[in-house]
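**Student:** Residue numbers (our numbering), protein chains in the order written: chain A, 1 to 430; chain B, 1 to 527.
Pasting in a structure now, in structure tokens, and then I'll have a few things to ask.
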Amino acid sequence: MSHQANPAEVALPIPGCSDSPVNQERGQRAVFCGLTSIIWLHRKIQDAFFLVVGSRTCAHLIQSAAGVMIFAEPRFATAVLQDRDLAGMADCNEELDRVVDQVVQRRPDIRTLFLVGSCPSEVIKLDLANAAQRLSERYAGRVRIAEYSGSGIETTFTQGEDNCLKGLVATLPKAPAENRSLLIVGSLPDIVEDQFLRLFEQLGIGPVHFFPARKSDGLPAVGPGTAFLLAQPYLGETARALLKRGAHALSAPFPLGAEGTHDWLRAAADAWEIAPDQFEAAVAAPLARAERAVARQREALDGKRISFLPDSQLEIPLARFLHRECGMQLVEIGTPYLDQQLSAAELALLPDGPRLTEGQDLDVQLDRVRNDRPDLTVCGLGIANPLEAEGLRTKWSIELMFTPIHGFDQAGDLAELFVRPLNRQSRLRF
Amino acid sequence: MELTFWTYEGPPHVGAIRVVTSMTGVHMVLHAPQGDTYADLLFTMIERNGARPPVTYTTFQARDLGGDTAGLVIQTLRDATERFKPKILVVGDSCTAELLQDQPGSLAEGTDLSVPVIPLELTAYSRKENWGASETLYHLVRGLLSSQAPAPGWTRPEPPKDRRPRVNLLGPSTLGFRCRDDVEEITRLLDSVGVDVLVTAPAGASPEDLLRIPHADANVCLYPEVGGATCTWLQRTFKQPTIKTVPIGVGATLDFLREIAAVTGVDVEHAIDEAQSRLPWYSKSVDSTYLTAKRVFVFGDATHAIAAARVARDELGFDVVGLGTYSRELARDVRAAAETHGVEPLISDNYLEIESKIAELQPELVLGTQMERHIAKRLGIACAVISTPSHVQDYPARYSPQMGFEGANVLFDTWVHPLMMGLEEHLLTMFREDFEFNDGAKPSHLGAHAGKKQSTETAAAADMGGQPTPTSPDGLAWEVEAEHELKKIPFFVRGKARRNTEKYALERGMQQISVETLYEAKAHFGR
Chain A
1 MSHQANPAEV
11 ALPIPGCSDS
21 PVNQERGQRA
31 VFCGLTSIIW
41 LHRKIQDAFF
51 LVVGSRTCAH
61 LIQSAAGVMI
71 FAEPRFATAV
81 LQDRDLAGMA
91 DCNEELDRVV
101 DQVVQRRPDI
111 RTLFLVGSCP
121 SEVIKLDLAN
131 AAQRLSERYA
141 GRVRIAEYSG
151 SGIETTFTQG
161 EDNCLKGLVA
171 TLPKAPAENR
181 SLLIVGSLPD
191 IVEDQFLRLF
201 EQLGIGPVHF
211 FPARKSDGLP
221 AVGPGTAFLL
231 AQPYLGETAR
241 ALLKRGAHAL
251 SAPFPLGAEG
261 THDWLRAAAD
271 AWEIAPDQFE
281 AAVAAPLARA
291 ERAVARQREA
301 LDGKRISFLP
311 DSQLEIPLAR
321 FLHRECGMQL
331 VEIGTPYLDQ
341 QLSAAELALL
351 PDGPRLTEGQ
361 DLDVQLDRVR
371 NDRPDLTVCG
381 LGIANPLEAE
391 GLRTKWSIEL
401 MFTPIHGFDQ
411 AGDLAELFVR
421 PLNRQSRLRF
Chain B
1 MELTFWTYEG
11 PPHVGAIRVV
21 TSMTGVHMVL
31 HAPQGDTYAD
41 LLFTMIERNG
51 ARPPVTYTTF
61 QARDLGGDTA
71 GLVIQTLRDA
81 TERFKPKILV
91 VGDSCTAELL
101 QDQPGSLAEG
111 TDLSVPVIPL
121 ELTAYSRKEN
131 WGASETLYHL
141 VRGLLSSQAP
151 APGWTRPEPP
161 KDRRPRVNLL
171 GPSTLGFRCR
181 DDVEEITRLL
191 DSVGVDVLVT
201 APAGASPEDL
211 LRIPHADANV
221 CLYPEVGGAT
231 CTWLQRTFKQ
241 PTIKTVPIGV
251 GATLDFLREI
261 AAVTGVDVEH
271 AIDEAQSRLP
281 WYSKSVDSTY
291 LTAKRVFVFG
301 DATHAIAAAR
311 VARDELGFDV
321 VGLGTYSREL
331 ARDVRAAAET
341 HGVEPLISDN
351 YLEIESKIAE
361 LQPELVLGTQ
371 MERHIAKRLG
381 IACAVISTPS
391 HVQDYPARYS
401 PQMGFEGANV
411 LFDTWVHPLM
421 MGLEEHLLTM
431 FREDFEFNDG
441 AKPSHLGAHA
451 GKKQSTETAA
461 AADMGGQPTP
471 TSPDGLAWEV
481 EAEHELKKIP
491 FFVRGKARRN
501 TEKYALERGM
511 QQISVETLYE
521 AKAHFGR
């Protein structure tokens, strides 16, 4: 996988390395491709347009995954490759220019247009980097043209966001070395960003920037004075690109659950040399609130067994939260790709015992689920109903991407997402 | 390249998956990159299937491309055959795999798999979902039956007299529109006139069922998009007549019965006399008067669009103001139908084009797909869904066919309901400006302390003494009184009244629109 970075090249300065044994599996996979991340990225970056250069399959995938958002004219579309593009009867670059022109004419409000590579555009080796440069010159001052690959042969699901942000890192303004700032990396709902901003302000940490920014002209500057904290676990490539820009990484678990959020904020507080008692005093109230909210859900989850099928790379932090804060027993944690370095702080908190699986061999994995019969299986949309029909309760993993789950004030909501299917089961009599 | 915001049909391999998922004993190996497995959710989420589609994907990744993707295909073929033990293996590729030119079909035929293989060429860069479904059904039927094909010049013997006539129902599939209930309704209807259904395919059929297809006296082409090519081949090869009338609506169901009679010799006159549909009476009853000449725009797959336009005009008394389809394969039929309605056919799969057509025509009801439902919602027009692409609510728990006499009842209810809701909304809007029941007034049963500020706005407007306010992009100015008068017109025709009036004024070089102009225009356009 192209995502496997060479650790010798740019090592993330993250201490510790878990020695949990990881089962590597290869075979049929049931995960979305990176194009799916457009669904939340376009909502996050409010003046961006995502143009997939691909096939009807790409268009159909995004539409099927986005489903209900059809009510508005979307800020994403597909330039569908046709026979004549492939047969060389049409010049793909000229065709792309024409389609981009159509989009820019139609949507004068957009400031950044992403050309998003797909499986077919990768296979025919369409040079989107070159196209982005050419088109950037044409629309200079009006629309910035960027590119990245969301293709299924290179990315799964959330890795689309990683590729998108990695591409944007190169365009971030340069910050002078003496400018100290904190950069929070990874899409978060606006409400969660605002909660974190208030906490950082109380702690005296700042300035704080979020990446990606809500607007194209709000891109944060980055330099040797920048410390960054990942808000999402799937951003390995983006992290490495930021390191190359001179920023330094703060190591922490991810801000899921009371404990995760506490430790994540602490990493920033430590970097800002805030005294531990001062830190604890500042987070005491929201931490207590989060613990109360989780405690309300804990009874329904305590002792219940859970398996994760690989999907978003959120599996490990979620497993850590559900085990340590909700008392769940972990049966199998499947993840599409395990970045040992980024996950070090999380892996250190996992108990011994659960099977850790990287990659997928779908039918074999489903056999294990049937054999284990966990109380809850976290899986993709395509598999949920078939497992339910076999009498197994499921939680759709995609819901975790569209619901605010990060931070203290969402910890209870996060636990409730896992309680709901069990609650439902206990209500239905037939 | 074609700029696509939303697509009416998926790629051809999704059509192929629809056919194999409809059947039993069939498995498919699809050479496709990871990510293409999203297709599973169409079946398990939208149609709520309790099992994954019978498809194994090769899910190749970038690292496989440098190596041996053909080897991956062969390994997947072996694993899938071993695990699922199908009676037939269908093999195809999706758009990306097509570019690799691994020829998975040939690979399967060249591998000792101990299962018959049906290879598919799905031409992802020129074709779409319904074509893929049609092609897959055709290749399955042909692949299983071509060895039974009689010599050219063979004539079909008369069916034996000691059994009831029997037909096959071809075309119903998963993710079709109400196929489950249509099959039940038509099977019951045929039984009522003494005709048996031998095989229904692909829905619910096994490979053995497909082998029995030639033993029926005729084929009913229930959904031409999926079943048409297969019916044509069966007619040519096995001399089985094709029954082409799609029984949607009372008129078409009666025609269907007459066609059944003509082909099989059964007597249907009694059944026609006894026809049990409430639609004709409901349509005649006086409360339906308000349906008269409602302007309706129809769009969908060819089968449902053509049928809906006929029902709309002949059975509900609507005016069909637009008719179109995204099914290019059947565009000719839609063009012919459009001519009978005196409208320009709209053959397009560009939803922006359909949206602007609807905005231009300002119909009172849209009969379309889920796409048109969203368009209509944005434009504030009533809408009912008559065709795929569909959504989870188009797979209702209750019995809800579109075909046959019960189907006609369903059409009446589902088309009239949104108009009724529109009428209620209109009443709400009307009373918003009413002296008694306005927004500021509390419901009378809650006491008598409301309704004080209701008329200040009206009074303020009157104080302005009819100063014209420019409101039209053409520089036309509407006088305040004219604007007020316009607001008294029901909201669902207000847009049309405004445009007609402005058009009338522009044509006459007028600068200002008064109440007089409004009514002169009304008289001029006759609406």
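Cβ coordinates follow ideal geometry from the N, Cα and C atoms, glycine included.
Since this is a predicted model, take the numbers as computed values, not measurements.
#1: Since B/Asp-217 is in the beta strand (DSSP E), which residue starts that stretch and which ends it?
#2: Using C-beta distances below 7 Å, list every residue in its chain close to B/Pro-207, excluding the 5 sequence neighbours before and after it, in chain order.
#3: If we cut at 9 Å on Cβ distances, does A/Pro-354 have a partner in chain B?
#4: Could you spell out the range, first to last residue, of the beta strand (DSSP E) harbouring B/Gln-61?
#5: So which of A/Phe-50, A/Phe-321, A/His-262 and A/Pro-253 has the shortest CA-CA distance to A/Ala-146?
#6: I need the straight-line Cα distance from A/Asn-371 to A/Gly-160, nearest angstrom please.
#7: What are the start and end residues of the alpha helix (DSSP H) that includes A/Leu-366?
#8: What are the boundary residues of the alpha helix (DSSP H) that B/Glu-47 is part of?
#9: Three-state secondary structure (DSSP) at A/Glu-186?
#10: Taking only beta-carbon atoms, is B/Gly-368 less than 9 Å away from chain A?
#11: State yes or no: is the C-beta of A/Ser-312 within less than 9 Å of the C-beta of A/Ala-48?
#12: Spatial neighbours of A/Pro-253 within its chain, please: CB distance less than 8 Å, with the 5 preceding and 5 following residues excluded, ordered by chain position.
#13: If you scan the segment 240-305 of chain B from start to end, which runs of the beta strand (DSSP E) of 3 or more residues do you find wholly inside it?
#14: Identify the residues that DSSP records as bridge partners of B/Thr-200: which are they?
#15: Please list the terminal residues of the continuous alpha helix (DSSP H) segment that includes A/Gln-63.
#16: Determine contact between the segment 296-315 of chain A and the segment 391-403 of chain A, defined as no fewer than three beta-carbon pairs at a distance below 8 Å.
#17: Is the beta carbon of A/Phe-200 less than 9 Å from the beta carbon of A/Ala-249?
#18: Looking only at its own chain, which residues have a Cβ that is under 7 Å from the Cβ of B/Arg-310, when we skip the five neighbours before and after it?
#19: In chain B, which residues lie less than 8 Å from A/Arg-370 when you measure between Cβ atoms?
#20: Any contact between the segment 219-226 of chain B and the segment 374-387 of chain B? By contact I mean 3 or more CB pairs, one from each, below 8 Å.
#21: Kindly indicate which residue of B/Gly-317, B/Val-480, B/Val-410 and B/Ile-213 has the alpha-carbon position closest to the one of B/Gln-148.
#22: Is the beta carbon of A/Ile-191 less than 9 Å from the beta carbon of A/Phe-228?
#23: So B/Gln-34 contacts chain A; which residues on that side make the cut at Cβ distance below 7 Å?
#24: In whole angstroms, give me the CA-to-CA distance for A/Pro-108 and A/Gly-117.
#25: CB-CB under 8 Å to B/Thr-456, same chain, minus the five flanking residues each way: which ones, in chain order?
#26: Could you check if A/Asp-430 is buried or exposed, using at least 16 other CB atoms within 10 Å of its CB as the buried criterion?
#27: With a threshold of 8 Å on Cβ separation, who are the neighbours of B/Val-410 within its own chain once the five nearest residues in sequence on each side are excluded?
#28: Run down chain B in chain order and give the residues with a C-beta less than 8 Å from the C-beta of A/Ala-77.
#29: Do B/Thr-56 and B/Asp-79 have their C-beta atoms closer together than 9 Å?
#30: Helix, strand or coil for B/Met-464, going by three-state DSSP, please let me know.
#31: Do the CB positions of B/Val-334 and B/Ile-306 come within less than 9 Å of each other?
#32: Note down the Cα distance separating A/Ile-39 from B/Val-268, rounded to an integer number of angstroms.
#33: Take A/Ala-282 as the anchor and find which of A/Gln-202, A/Thr-335 and A/His-209 has the nearest alpha-carbon.
#34: List, in order along the chain, the chain A residues whose C-beta lies closer than 9 Å to that of B/Asn-541?
#35: Thinking A/Val-331 and A/Leu-242 are a contact (beta carbons under 8 Å), I'd like their distance in whole angstroms, please.
#36: Identify the contact partners of A/Gln-102 in chain B, using a Cβ-Cβ distance below 9 Å as the criterion.
**Tutor:** A quick look at the data gives this:
#1: Counting along the chain, B/Asp-217 falls outside any beta strand (DSSP E), and DSSP gives it neither H nor E.
#2: Gly-25, Val-26, Lys-87, Ile-88 and Leu-144
#3: Not an interface residue.
#4: Here B/Gln-61 belongs to no beta strand (DSSP E), and DSSP marks it neither H nor E.
#5: A/Phe-50
#6: 33 Å
#7: 362-372
#8: Segment: none, B/Glu-47 is in no alpha helix (DSSP H) and carries neither H nor E.
#9: Looking at the sequence provided, one finds Gly at residue 186 of chain A rather than Glu. Three-state result, A/Gly-186: coil.
#10: no
#11: no
#12: Glu-259, Gly-260, Asp-263, Trp-264, Pro-317, Arg-320, Ala-345, Glu-346 and Leu-349
#13: 295-300
#14: B/Leu-169
#15: Run containing A/Gln-63: 56-66, per the alpha helix (DSSP H) assignment.
#16: Inter-segment contact for the segment 296-315 of chain A and the segment 391-403 of chain A is present: three or more beta-carbon pairs are separated by less than 8 Å.
#17: In this structure, A/Ala-249 does not lie closer than 9 Å to A/Phe-200 by Cβ.
#18: Gly-249, Gly-251 and Ala-252
#19: Here the premise fails: no neighbours, minimum Cβ distance about 13 Å.
#20: no
#21: Scanning B/Gly-317, B/Val-480, B/Val-410 and B/Ile-213 for the CA closest to the CA of B/Gln-148 turns up B/Ile-213.
#22: no
#23: Simply Arg-29, Val-31, Cys-33, Gly-152 and Thr-156.
#24: 23 Å
#25: With a pLDDT of only 43 at B/Thr-456, under the threshold of 50, the placement of this residue in the model should not be trusted, and no figure is reported.
#26: Residue 430 of chain A is actually Phe in this sequence, not Asp. It counts as exposed.
#27: Ser-400, Pro-401 and Gln-402
#28: Leu-3, Thr-4 and Phe-5
#29: yes
#30: Per-residue confidence for B/Met-464 stands at a pLDDT of 45, beneath the threshold of 50, marking its modelled position as unreliable; no derived number is given.
#31: Contact flag set, yes.
#32: Rounded to the nearest whole angstrom, the CA to CA distance from A/Ile-39 to B/Val-268 is 54 Å.
#33: A/Gln-202
#34: Given that chain B is displayed from residue 1 to residue 527, the structure contains no residue 541 of chain B and the question cannot be resolved.
#35: 35 Å between Cβ atoms; not a contact.
#36: Leu-3
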